[in-house]
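Engineer: Mind looking over this structure? Questions follow.
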Amino acid sequence: MIAIELYTIALERSTRLDLPIEHNEVPHCMARLLDTDRAACEGWLQEMNFLRLGEAEDDEVWERIKRNWIGYLSATSPTPDAALAPNRKVVQFRSGGEDEDEDEDAREQRRSLVGFIAYSQDEGTLEEMGMRLTESQIDDILDIEQEVWQVDLKVIARRREKGGFEGVWGRIQLLLMKALRKAKSTPRNNPLMWWIAVLARSAISENDGDRDFISRGRFHKNPMPMDVDLGERLRAIVHYSKVLVLDDAFSTWPEESGWMMEVQSRLNMVSIEWINDEGGSRPDGPPGDGGPVYSTDAWQSVVAHIAEHTKKYLGGKQRTAIYRLRMLANAMG
2 MIAIELYTIA LERSTRLDLP IEHNEVPHCM ARLLDTDRAA CEGWLQEMNF LRLGEAEDDE
62 VWERIKRNWI GYLSATSPTP DAALAPNRKV VQFRSGGEDE DEDEDAREQR RSLVGFIAYS
122 QDEGTLEEMG MRLTESQIDD ILDIEQEVWQ VDLKVIARRR EKGGFEGVWG RIQLLLMKAL
182 RKAKSTPRNN PLMWWIAVLA RSAISENDGD RDFISRGRFH KNPMPMDVDL GERLRAIVHY
242 SKVLVLDDAF STWPEESGWM MEVQSRLNMV SIEWINDEGG SRPDGPPGDG GPVYSTDAWQ
302 SVVAHIAEHT KKYLGGKQRT AIYRLRMLAN AMG
């Protein structure tokens, strides 16, 4: 039997209606874009000079991305199919080590992006999917894989404890924070920008007549929920980026002796659960809150540092990843 027939049969096996998926309760097709939103996506991809509709080279890259995504879904599922992907699990990020309080959409976007890129690096397919990463970026991806292999799931399960994944998440945060910092970002040189372009191209490809399993289609153990539209996916990326930037701001704050303890002790007195809500807003504080205690040199310093960080990496600096994401989101209204 020729390879294409084996591939077709294997794909049908992995998309049967009786197979369990991550999100059984949701539709298996993202809502169709409004014409204005579709035009905004097409215009943004044109400006990015990547995955443009009707451009032969970009269409070929898109076909490779779709095929490799299916390979990733198969290779990291409980039942890998050799016809779709090598019969091994390169990396699997679904585990008890994830933050259960983290916004679910943000978690799924992060897991899909990082897992797919780590898998593709191992398979040697990043370049054929349009990415031109530096040696440093490749090293960051390899570091994630190395940390994954060092996690002993049996020991963690035996202890019945959370934790054990700190090294993995630390490496993931480093990769993504570098992506947020990168100047002159494009889908070719920035993994986060590349993923945004993939989501945009998938969203406007509803007339392709096929299932890409990114925005439409039912695949065994696919981490991507199909009822989340492009706008929600972009907001989830921004939400997780805010968490990363805030954490990075604290870790790079050049505080004076004793300042960190002063700020941290005050923060520990206040619930920040609202931050985990994608659409959350800061609740009103108790009467008298925000008075002199927040006017000290320590607080003025940390607030100024956070403000500078957020301005740089959350859209205030041109040609960074979130600046370009906001261009797309604003064009979609």
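For the sequence shown, my numbering begins at 2 and goes up steadily by one. All C-beta atoms in this analysis are idealised placements derived from N, C-alpha and C, irrespective of residue type, glycine included. Keep in mind the model is a prediction, meaning the values are calculated, not measured.
What is the DSSP secondary structure of residue 2, reduced to helix, strand or coil?
Structural biologist: Reading the sequence shown from its first residue, position 1 is the one you call residue 2. Caution is warranted here: a pLDDT of 48 is assigned to residue 2, below 50, making its placement in the model unreliable, and no coordinate value can be reported.
Engineer: Pick out whichever of 32, 42, 235, 113 has its Cα sitting closest to the Cα of residue 224.
Structural biologist: Here residue 224 refers to the residue found at position 223 when the sequence shown is read from its first residue. If we check each option's Cα against that of residue 224, 113 comes out closest.
Engineer: Where does residue 171 land, buried or exposed, given buried means 16+ other C-beta within 10 angstroms?
Structural biologist: Reading the sequence shown from its first residue, position 170 is the one you call residue 171. So residue 171 ends up on the exposed side.
Engineer: Whose C-beta lies closer than 7 Å to the C-beta of residue 45 among residues of the same chain, with five residues either side of it excluded?
Structural biologist: The residue you call residue 45 lines up with position 44 of the sequence shown. Once the five neighbours on either side are set aside, the close Cβ partners of residue 45 are 201, 328, 329, 332.
Engineer: Kindly indicate the opening and closing residues of the alpha helix (DSSP H) around residue 314.
Structural biologist: Counted from its first residue, the sequence shown places residue 314 at position 313. Element bounds for residue 314: n/a, residue is neither H nor E.
Engineer: Buried or exposed for residue 69, please, with buried defined as at least 16 other CB atoms from any protein chain shown within 10 angstroms of its CB.
Structural biologist: Looking up residue 69 in the sequence shown gives position 68. Under this definition residue 69 is a buried residue.
Engineer: Considering only residues of the same chain and omitting the five flanking positions on each side of residue 250, which have a CB-CB separation below 7 Å?
Structural biologist: Numbered from 1 along the sequence shown, position 249 holds the residue referred to as residue 250. Result list for residue 250: 306, 307, 310, in chain order.
Engineer: If we call anything under 8 Å between Cβ atoms a contact, is residue 198 one with residue 34?
Structural biologist: For the purposes of this step, residue 198 is taken as the residue at position 197 of the sequence shown. For the purposes of this step, residue 34 is taken as the residue at position 33 of the sequence shown. Not in contact: residue 198 and residue 34 (Cβ atoms no closer than 8 Å).
Engineer: Are the CB atoms of residue 59 and residue 53 nearer to each other than 8 Å?
Structural biologist: Here residue 59 is taken as the residue at index 58 of the sequence shown, counted from 1. Here residue 53 is taken as the residue at index 52 of the sequence shown, counted from 1. In this structure, residue 53 lies closer than 8 Å to residue 59 by Cβ.
Engineer: By how many angstroms is the C-alpha of residue 138 removed from the C-alpha of residue 109?
Structural biologist: As a first step, residue 109 is located in the sequence shown; it is residue number 108 there, counting from the start. As a first step, residue 138 is located in the sequence shown; it is residue number 137 there, counting from the start. If I take the Cα positions, the gap works out to 22 Å.
Engineer: With 16 as the cutoff for other CB atoms within 10 Å, does residue 226 come out buried or exposed?
Structural biologist: Sequence index remark: in the sequence shown, residue 226 carries index 225 (1-based). Buried: at least 16 other Cβ atoms inside 10 Å.
Engineer: Who are the near neighbours of residue 192 in its chain, counting only those whose CB is closer than 6 Å to its CB and skipping five residues on each side?
Structural biologist: Counted from its first residue, the sequence shown places residue 192 at position 191. So the qualifying residues of the chain are 118, 180.
Engineer: Which of the three DSSP states is assigned to residue 331 in this structure?
Structural biologist: Here the question's residue 331 lines up with position 330 in the sequence shown. Helix.
Engineer: In chain order, what residues of the same chain lie with their CB nearer than 7 Å to the CB of residue 130, ignoring the 5 residues before and after it?
Structural biologist: Residue 130 sits at position 129 when you count from the first residue of the sequence shown. Counting only Cβ-Cβ distances below 7 Å, and skipping sequence neighbours, we find 62, 65, 66, 69, 121.
Engineer: Beta carbon of residue 190, beta carbon of residue 134: below 8 Å?
Structural biologist: The residue you call residue 190 lines up with position 189 of the sequence shown. The residue you call residue 134 lines up with position 133 of the sequence shown. Against a cut-off of 8 Å, the Cβ pair of residue 134 and residue 190 comes out as a contact.
Engineer: Kindly give me the distance between the Cβ atoms of residue 32 and residue 213, rounded to whole angstroms, as I take these residues to be in contact under 8 Å.
Structural biologist: Counting from 1 along the sequence shown, the entry for residue 32 is found at position 31. Counting from 1 along the sequence shown, the entry for residue 213 is found at position 212. At roughly 15 Å, the Cβ-Cβ gap does not stay under 8 Å, so residue 32 and residue 213 are not in contact.
Engineer: Which same chain residues end up closer than 8 Å to residue 49 when comparing Cβ atoms and leaving out the 5 residues on each side of it in sequence?
Structural biologist: Locating residue 49 in the sequence shown gives position 48, counting from the first residue. Correct list, in chain order: 187, 188, 194, 198, 325.
Engineer: Quick one, are the C-beta atoms of residue 315 and residue 242 less than 8 Å apart?
Structural biologist: For the purposes of this step, residue 315 is taken as residue 314 along the sequence shown, with counting starting at 1. For the purposes of this step, residue 242 is taken as residue 241 along the sequence shown, with counting starting at 1. In contact: residue 315 and residue 242 (Cβ atoms closer than 8 Å).
Engineer: Between residue 148 and residue 168, which are expected to be in contact by the criterion C-beta below 8 Å, what is the C-beta distance as a whole number of angstroms?
Structural biologist: The residue labelled residue 148 in the question sits at position 147 within the sequence shown. The residue labelled residue 168 in the question sits at position 167 within the sequence shown. Yes, residue 148 and residue 168 are in contact; Cβ-Cβ is about 4 Å, under 8 Å.
Engineer: DSSP three-state label for residue 1, please.
Structural biologist: With the chain represented from 2 up to 334, any question about residue 1 goes unanswered, as that position is not in the structure.
Engineer: How close, in whole Å, do the beta carbons of residue 263 and residue 322 come, if the pair is a contact with beta carbons under 8 Å?
Structural biologist: In the sequence shown, residue 263 corresponds to position 262, counting from 1. In the sequence shown, residue 322 corresponds to position 321, counting from 1. Not really, about 33 Å apart at Cβ, beyond 8 Å.
Engineer: Quick check on this structure: which residue in 317, 247, 319 has the alpha carbon closest to the alpha carbon of residue 304?
Structural biologist: For the purposes of this step, residue 304 is identified with residue 303 of the sequence shown, where counting begins at 1. Closest by alpha carbon: 247.
Engineer: Ordered along the chain, which non-local residues of its own chain (more than five positions away) have a Cβ less than 8 Å from that of residue 215?
Structural biologist: Here residue 215 refers to the residue found at position 214 when the sequence shown is read from its first residue. Only 67, 70, 199, 200, 203, 225 meet the Cβ criterion.
Engineer: Assign residue 320 to buried or exposed, taking buried as 16 or more other Cβ atoms, counted over all protein chains shown, within 10 Å of its Cβ.
Structural biologist: Translated into positions along the sequence shown, residue 320 becomes position 319. Label assigned to residue 320: exposed.
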